[in-house]
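**Student:** Mapping of the sequence shown onto mature numbering (1 follows the signal peptide of the UniProt record, and there is no 0): residues -20 to -1, 1 to 445, in sequence order.
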Amino acid sequence: MASSSHKLFILLFTILFSLTLPLNTNTSITTSLNPNKLTSLKSLCKTTPYPKLCFNSLKLSISININPNIITYLLHSLQLAISETTKLSNLFHDVGTSNIVEKQRGSIQDCKELHQSTLTSLKRSLSGIRSSNKRNIADARIYLSAALTNKNTCLDGLDSASGTYKPILVDSIINTYKHVSNSLSMLSNHAPEPSNQKGHNKNLVSPKWLSKSDSTVITGNRSVVDGWTTFRSATLAVSGDGFLARDIAIENRAGPEKHQAVALRVNADLTAFYKCAIYGYQDTLYVHSFRQFYRECDIYGTIDFIFGNAAVVLQECDIVSRMPLPGQFTVITAQSRDNPDEDTGISIQNCSIIATDELYSNSSKVKSYLGRPWRVFSRTVLIESYIDDFIDQKGWTKWSNDQGLDTLFYGEYENYGPGSKIDNRVEWVGYHLMDYNDAYNFSVSEFIIGDQWLESTSVPYDDGI
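Given below as structure tokens:
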């Protein structure tokens, strides 16, 4: 009997001892893992925005997988991002008027809507990467770029909010999206090779469009001054993938004194607009996220009137600057790329940069520019476009300070017209006179992979340079 009790005691002690081992999981896992694999993981994580988070969250995958590789790590990182983002859903569920006070109408709803978009993007990325198909990997980079854009838009809206719950929510959003940033960084190290196709093809199918007499006009007048977020001020908001529009006019009639007032906002993938007119003043066209294409459209505005963080190509469009309020200048683009791994930017190709008669007659008094950097990795290019001489000789201007002047990418290639002279352009590190290969990276076929989806829309496009 004593012998049996002794054996039972040893067995229970062994079980209890084994149960205490997870209390030192990090130490035990790290010390028991293959040093070469740990070194490899550390090297990978050093290239991410949050190396410590990367290493601590991924070292477990080494013990699970015999031969972990970049895809193994990436899949694990995405699974963590999905898990953390799902937890964030519970916080959004608990938000109410008692714990967060909105200064701008719609800021909480914006966050909830964008949060659901992020969850969808993360799951689509995970599914695509598992297939290891080059097209799916390219898609995943766009999805993750859109997710990070969602974070910034949500935080912008919450900036003016107050309440006891705000700090908790903001901190949770920031920490959750660190996993998304790391995933995108790792994905950039597994990017498919460029196609190296240097052709110059046109898809000029001419389907039957609506006649001008049948054109639809959509109007609205929401604005930031009237209490709306910029995101929710849009006259027309598009969030469904594959959206197509042609021969319609979209206008925000709030006026220049109402400041930010969006006419069209698009946060949907593989969208195309053909022969549309988009009218506004400040923040006319919000190219928020994903891949977008605009062909033969008229776009009117005063300040930052093509802005956002989509991967977007505008082709053969008339981009028209209007007379601003007294004391203001005009600026066409305000691109908001916030991460060097994001496959986003504004590509303006074969367009006309012109002014209304009123602005043109006052161009000696009103400064006008091609763009300014909304965020530090802002990216905008002008390719083979006509630039009239109302544009200041510097071409580009700063934001409120020197942010992004060394990290942005502003490029010009083979533009023409009296405003295209480059002799007195800005001398920033981030400003570039592009060669053909540089410019080709921003073509329809390369930048938005247009050859793989635009033909089915029957919207004409030029796929090269």
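Glycine included, C-beta positions come from ideal geometry on N, C-alpha and C. The structure displayed is predicted, hence computed values, not measured ones.
DSSP three-state call for A241: helix, strand or coil?
**Tutor:** Residue numbering aside, residue 241 sits at position 261 when the sequence shown is read from its first letter. Of the three classes helix, strand and coil, the one that applies to A241 here is coil, per DSSP.
**Student:** Any contact of the segment 116 to 134 with the segment 255 to 263, i.e. 3+ C-beta pairs under 8 Å?
**Tutor:** Judged by Cβ distances under 8 Å, the segment 116 to 134 makes no contact with the segment 255 to 263, as fewer than three pairs qualify.
**Student:** Per the DSSP calculation, W376 is bridged to which residue(s)?
**Tutor:** For the purposes of this step, residue 376 is taken as residue 396 along the sequence shown, with counting starting at 1. DSSP, once it has assigned bridges, lists G351 as partnering W376.
**Student:** How long is the line joining the alpha carbons of N395 and S152, rounded to whole angstroms?
**Tutor:** To locate residue 395, count along the sequence shown from 1; it is residue 415. To locate residue 152, count along the sequence shown from 1; it is residue 172. Using only the alpha carbons, I get a separation of about 45 Å.
**Student:** If you reduce the DSSP assignment to three classes, tell me which class T156 lands in.
**Tutor:** Position 176 of the sequence shown, counted from the first residue, corresponds to residue 156. DSSP places T156 in helix when its eight states are reduced to three.
**Student:** Classify Q308 as helix, strand or coil using the three-state DSSP reduction.
**Tutor:** Taking the first residue of the sequence shown as 1, we reach residue 308 at position 328. In this structure, Q308 counts as coil in the three-state DSSP scheme.
**Student:** Have a look at the DSSP bridge pairing and note the partners of I275.
**Tutor:** Counting from 1 along the sequence shown, the entry for residue 275 is found at position 295. For the record, residue 275 in the displayed sequence is Arg; it is not Ile. In the DSSP output, where bridge partners are listed per residue, R275 has Y254, Q295.
**Student:** Comparing alpha-carbon positions, which option in S163, T324, V160, N132 lies nearest V150?
**Tutor:** Locating residue 150 in the sequence shown gives position 170, where the first residue counts as 1. Ranking S163, T324, V160, N132 by Cα distance to V150 puts N132 first.
**Student:** In whole angstroms, what is the alpha-carbon distance linking I428 and K83?
**Tutor:** Sequence index remark: in the sequence shown, residue 428 carries index 448 (1-based). Sequence index remark: in the sequence shown, residue 83 carries index 103 (1-based). Taking the straight line joining both Cα atoms gives about 36 Å.
**Student:** Using the beta-carbon count (16 or more within 10 Å), is S341 buried or exposed?
**Tutor:** Translated into positions along the sequence shown, residue 341 becomes position 361. Answer is exposed; the Cβ neighbour count stays below 16.
**Student:** Would you give the residue range spanned by the alpha helix (DSSP H) that G137 belongs to?
**Tutor:** Along the sequence shown, one-based indexing puts residue 137 at 157. G137 -> alpha helix (DSSP H) spans 114 to 138.
**Student:** Considering Cα atoms alone, identify which of V218, H56, F309, L40 is closest to L250.
**Tutor:** The residue given as residue 250 occupies position 270 in the sequence shown. Of the candidates V218, H56, F309, L40, the one whose C-alpha sits nearest the C-alpha of L250 is V218.
**Student:** For V205 and H56, what's the separation of their Cα atoms in angstroms?
**Tutor:** Here residue 205 corresponds to residue number 225 of the sequence shown, with the count starting at 1. Here residue 56 corresponds to residue number 76 of the sequence shown, with the count starting at 1. Between V205 and H56, the C-alpha separation is close to 44 Å.
**Student:** Can you give the beta carbon distance from residue 523 to G410, rounded, assuming they're within the 8 Å contact cut?
**Tutor:** No answer is possible for residue 523: it lies beyond the span of the chain, which begins at -20 and ends at 445.
**Student:** Please name the residue, chosen from L54, S358, S380, that lies closest to S165 on a Cα-to-Cα basis.
**Tutor:** Within the sequence shown, the letter at position 185 stands for residue 165. Nearest option by C-alpha distance: L54.
**Student:** Leaving out the 5 sequence neighbours to the left and right, which residues in its chain are closer than 7 Å to K92 when beta-carbon positions are compared?
**Tutor:** The residue you call residue 92 lines up with position 112 of the sequence shown. Only F72 meet the Cβ criterion.
**Student:** Measure the alpha-carbon distance for T35 versus L58 and round it to whole angstroms.
**Tutor:** To locate residue 35, count along the sequence shown from 1; it is residue 55. To locate residue 58, count along the sequence shown from 1; it is residue 78. For clarity, residue 35 is Phe in the given sequence; the question names Thr instead. Cα-Cα distance, rounded: 14 Å.
**Student:** Less than 8 Å between the C-beta atoms of L339 and T310, yes or no?
**Tutor:** If you number the sequence shown from 1, residue 339 lands on position 359. If you number the sequence shown from 1, residue 310 lands on position 330. Going by C-beta atoms, L339 is nearer than 8 Å to T310.
**Student:** For E237, count the other beta carbons within 10 Å of its own beta carbon; 16 or more makes it buried, fewer makes it exposed. Which is it?
**Tutor:** Counting from one through the sequence shown, the residue named residue 237 turns up at place 257. By the 10 Å Cβ count, E237 comes out exposed.
**Student:** Less than 8 Å separating the beta-carbons of F285 and G325?
**Tutor:** As a position in the sequence shown, residue 285 is number 305, starting the count at 1. As a position in the sequence shown, residue 325 is number 345, starting the count at 1. In this structure, G325 does not lie closer than 8 Å to F285 by Cβ.
**Student:** Helix, strand or coil: which one does DSSP assign to T302?
**Tutor:** What you label residue 302 is simply residue 322 of the sequence shown in a count that begins at 1. Note on residue identity: the sequence assigns Arg, not Thr, to residue 302. Coil at R302, not helix or strand.
**Student:** Which ranges would you report for the beta strand (DSSP E) in the segment 378 to 438 if only whole runs of at least 3 residues count?
**Tutor:** Fully enclosed beta strand (DSSP E) runs of 3 or longer: 389 to 393, 411 to 413.
**Student:** Kindly give me the distance between the Cβ atoms of L294 and Q262, rounded to whole angstroms, as I take these residues to be in contact under 8 Å.
**Tutor:** The residue labelled residue 294 in the question sits at position 314 within the sequence shown. The residue labelled residue 262 in the question sits at position 282 within the sequence shown. About 19 Å; that fails the 8 Å criterion.
**Student:** Nearest-angstrom Cα distance between N162 and N155?
**Tutor:** Along the sequence shown, read from residue 1 onward, the residue named residue 162 stands at position 182. Along the sequence shown, read from residue 1 onward, the residue named residue 155 stands at position 175. Cα-Cα distance, rounded: 11 Å.
**Student:** Just to confirm, is the Cβ distance from E296 to R275 under 8 Å?
**Tutor:** Sequence index remark: in the sequence shown, residue 296 carries index 316 (1-based). Sequence index remark: in the sequence shown, residue 275 carries index 295 (1-based). Contact flag set, yes.
**Student:** Tell me F287's beta-bridge partners as DSSP assigns them.
**Tutor:** For the purposes of this step, residue 287 is taken as residue 307 along the sequence shown, with counting starting at 1. In the DSSP output, where bridge partners are listed per residue, F287 has Y266, A314.
**Student:** With three or more beta-carbon pairs closer than 8 Å as the criterion, would you say the segment 347 to 364 touches the segment 374 to 392?
**Tutor:** A contact exists between the segment 347 to 364 and the segment 374 to 392.
**Student:** Using CA coordinates, which residue listed in I283, E231, F223, D221 is at the minimum distance from residue 446?
**Tutor:** Any question about residue 446 goes unanswered here, given that the chain covers just -20 to 445.
**Student:** Roughly how many angstroms separate the alpha carbons of D321 and L38, rounded to a whole number?
**Tutor:** By 1-based counting over the sequence shown, the position of residue 321 is 341. By 1-based counting over the sequence shown, the position of residue 38 is 58. Taking the straight line from one Cα to the other gives about 20 Å.
**Student:** In the DSSP assignment, the beta strand (DSSP E) including T324 goes from what residue to what residue?
**Tutor:** Along the sequence shown, one-based indexing puts residue 324 at 344. Here T324 belongs to no beta strand (DSSP E), and DSSP marks it neither H nor E.
**Student:** Pick out whichever of T209, S203, W208, R226 has its Cα sitting closest to the Cα of V197.
**Tutor:** For the purposes of this step, residue 197 is identified with residue 217 of the sequence shown, where counting begins at 1. Ranking T209, S203, W208, R226 by Cα distance to V197 puts R226 first.
**Student:** With contact counted as at least three CB pairs below 8 Å, one residue from each stretch, are the segment 110 to 117 and the segment 221 to 235 in contact?
**Tutor:** Touching, no, given that fewer than three Cβ pairs across the two stretches are closer than 8 Å.
**Student:** Tell me the DSSP secondary structure of R202 in three-state form.
**Tutor:** Locating residue 202 in the sequence shown gives position 222, where the first residue counts as 1. Three-state DSSP puts R202 in coil, outside helix and strand.
**Student:** On a Cα-Cα basis, can you pick out the residue from L135, N169, D278 that is closest to P147?
**Tutor:** Position 167 of the sequence shown holds residue 147. Checked all of L135, N169, D278; the closest Cα to P147 is L135.
**Student:** Please decide whether N381 counts as near chain B, where near means a Cβ-Cβ distance under 8 Å.
**Tutor:** The question asks about chain B, but that chain is absent: this structure has only one protein chain.
**Student:** If you follow the beta strand (DSSP E) that N70 is part of, which residue opens it and which one closes it?
**Tutor:** Here residue 70 refers to the residue found at position 90 when the sequence shown is read from its first residue. N70 -> not in any beta strand (DSSP E); alpha helix (DSSP H) instead, spanning 50 to 74.
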